[in-house]
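There are 2 protein chains.
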Amino acid sequence: MDIETFVKQSIGQWRSQRTAHHLTFRHSEEVHSTIDIEWVDPSDPAVVKLCELYEVGPTDIISPFRMTWEGESDWDEDEEERQSMAGTTVLLPVPDPSDPRKGRLLRDQGYAENVAAAGLYHFTDDGTFVLLTAYNRAAAEERIWFVNPNLRFRVSMIKTSEGTGVLTASFASETRSQLHTDDSALTNTN
Amino acid sequence: MDIETFVKQSIGQWRSQRTAHHLTFRHSEEVHSTIDIEWVDPSDPAVVKLCELYEVGPTDIISPFRMTWEGESDWDEDEEERQSMAGTTVLLPVPDPSDPRKGRLLRDQGYAENVAAAGLYHFTDDGTFVLLTAYNRAAAEERIWFVNPNLRFRVSMIKTSEGTGVLTASFASETRSQLHTDDSALTNTN
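So the protein sequences, as listed, match chains A and B. Just so we're aligned, residue 1130 is where the first sequence starts under our numbering, counting upward by one. Just so we're aligned, residue 1130 is where the second sequence starts under our numbering, counting upward by one.
Have a look at this one:
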């Protein structure tokens, strides 16, 4: 598995059912959301800006894409929290030139903290995508794998920045609800 | 990772918080349970009986263990269902002589169906334990990995026996609540 194939498999609209386990309180929260993943043109201003921010050349990146999500939680009734359940971010894979199974993933805002972030990704031998992102106050680890072309699982956790304590673990089952019509390779199989 | 190390890491009492996603109905169910995993003596009658049932010799097996669980669901108020949330099973790993990273896992009753079952396991290169079990009417796939010695994640899914449709996906975060005092190697580190 490489990042190009992984992004290609991810393109489309997904209905996500995500449950977060707050480990300390043994409390759980459920979020239903719609996630759109679509190609972004490498010349898109958001891509160019992110390349400049991380001093990455246009030939270093591959398969830039945009992820947009909109969800609702069963838990938080607070208006501000509800608004944060919607967002969009551009993601830029920067594969390691010496090993296509790993690299950096840049994005113009993270989901855990609302700032630009660079994560390190790699693929395991069974095709699981693993992403590690360090923030100021926390670190996130995310594992995503496809069960079949229309179902993917995502397990994430938020750790303290020292990496010792795991605060939150979450599981999302994501089913494809539609393909994006601008991707001819995929729509041909529809 | 091999099965002997994996079982050794699993010995103890775990508090499990498990959420099942019923994919068709987009409904979720939460179960809190206590899971005890303990060594079983290879001469235990349950082990001997299971070896006979599967025509396996005593030198073919390694690290037999017992798993006992007791839980309560937020969903099913039915008395019979509630009772099925408690159970115990003996598990017998039978490693592949030519590859210690895979083998069979025999048990005297499965959790998905109440009959003896043999699953196939293997470890991925990042130490994830993957177990595939075929039942009459369904197939189960389970992935278990340790985040740290006191936290493990378990993702399981039930598929139709043809393997095409995924009916249920579930995620458990399991935190160690106590070590078993009969395991000297582990209690020394406590």
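For every residue, glycine included, the Cβ atom is placed at its ideal position computed from N, Cα and C.
### Query
Taking C-beta to C-beta, are residue 1200(B) and residue 1160(B) nearer than 8 Å?
yes
### Task
Between the Cα of residue 1257(A) and those of 1274(A), 1163(A), 1172(A) and 1158(A), spot the shortest distance and give me the residue it belongs to.
1274(A)
### Query
Nearest chain A C-beta to residue 1300(B) closer than 8 Å, yes or no?
yes
### Query
Among residues of its own chain, excluding the 5 on either side of residue 1190(B), which ones have a beta-carbon nearer than 6 Å to its beta-carbon?
1221 and 1223
### Query
What separation, rounded to the nearest whole angstrom, lies between the Cα atoms of residue 1288(A) and residue 1173(A)?
33 Å
### Message
For residue 1228(A) and residue 1250(A), I'd like the C-alpha separation in whole angstroms.
### Response
11 Å
### Query
Interface residues of chain A around residue 1276(B) at Cβ under 9 Å?
1270, 1286, 1288, 1295 and 1298
### Query
Should the region 1149-1164 of chain B be regarded as contacting the region 1176-1190 of chain B, the criterion being three or more beta carbon pairs within less than 8 Å?
no
#### Entry: Reference residue 1131(B); option with closest CA among 1230(B), 1152(B) and 1143(B)
1230(B)
### Message
Rounding to the nearest angstrom, what Cα-Cα distance links residue 1248(A) and residue 1233(A) in this structure?
### Response
6 Å
### Query
In or out: residue 1152(A) buried (at least 16 other Cβ within 10 Å) or exposed?
buried
### Task
Compare the C-beta of residue 1157(B) with all C-beta atoms of chain A and state if any pair is closer than 8 Å.
yes
### Cα-Cα separation between residue 1278(A) and residue 1138(A), rounded to whole angstroms
7 Å
### Task
Could you check how far apart the C-beta atoms of residue 1340(B) and residue 1226(B) are, in whole angstroms? I think they sit under 8 Å.
Missing from the structure shown is residue 1340(B); chain B here goes from 1130 to 1319 and no further.
### Message
Suppose you measure from the CA of residue 1198(A) to the CA of residue 1255(A); what does that come to, to the nearest Å?
### Response
27 Å
### Message
Can you pull the chain A neighbours of residue 1148(B), defined as C-beta to C-beta under 9 Å?
### Response
1148, 1150, 1157, 1159 and 1300
### Query
So, is the C-beta of residue 1254(A) closer than 8 Å to a C-beta in chain B?
yes
### Query
Taking 8 Å as the CB-CB cut-off, is residue 1282(B) touching chain A?
yes
### Partners in chain A for residue 1105(B), counting only beta-carbon separations shorter than 9 Å
No statement about residue 1105(B) is possible, as the shown extent of chain B runs from 1130 to 1319 and does not include it.
### Nonlocal neighbours in the same chain, by C-beta distance under 7 Å from residue 1307(B), ignoring five residues either side
1141 and 1142
### Message
What ranges does the beta strand (DSSP E) occupy inside the region 1156-1215 of chain A, keeping only unbroken runs of at least 3 residues that lie completely in it?
### Response
1156-1168 and 1194-1202
### Proximity of residue 1214(A) and residue 1162(A) at Cβ, strictly below 8 Å
yes
### Query
Closest Cβ-Cβ distance between residue 1262(A) and chain B: below 8 Å?
no
### Query
Rounded to a whole number of angstroms, what is the C-alpha to C-alpha distance between residue 1265(A) and residue 1245(B)?
50 Å
### Query
Can you name the start and end residues of the beta strand (DSSP E) that residue 1306(B) belongs to?
1295-1307
### Query
Using the beta-carbon count (16 or more within 10 Å), is residue 1188(A) buried or exposed?
exposed
### Task
Count the other CB atoms, across all protein chains shown, that sit within 10 Å of the CB of residue 1304(A); report buried if there are 16 or more and exposed otherwise.
buried
### Query
If the cut is a Cβ gap below 7 Å, which residues of chain A does residue 1304(B) touch?
1152
#### Entry: Collapsed DSSP secondary structure at residue 1145(A) in the structure displayed
strand
### Message
Need the endpoints of the alpha helix (DSSP H) that residue 1135(B) sits in, please.
### Response
1132-1139
### Query
According to DSSP, what are the bridge partners of residue 1223(B)?
1233(B)
### Query
The beta strand (DSSP E) spanning residue 1264(A) covers which residue range?
That residue, residue 1264(A), is in no beta strand (DSSP E); it is neither H nor E in DSSP.
### Query
Does the beta carbon of residue 1186(B) fall short of 7 Å from some heavy atom of the ligand SAM?
In the structure on display, the ligand SAM does not appear, and there are no ligands present to speak of.
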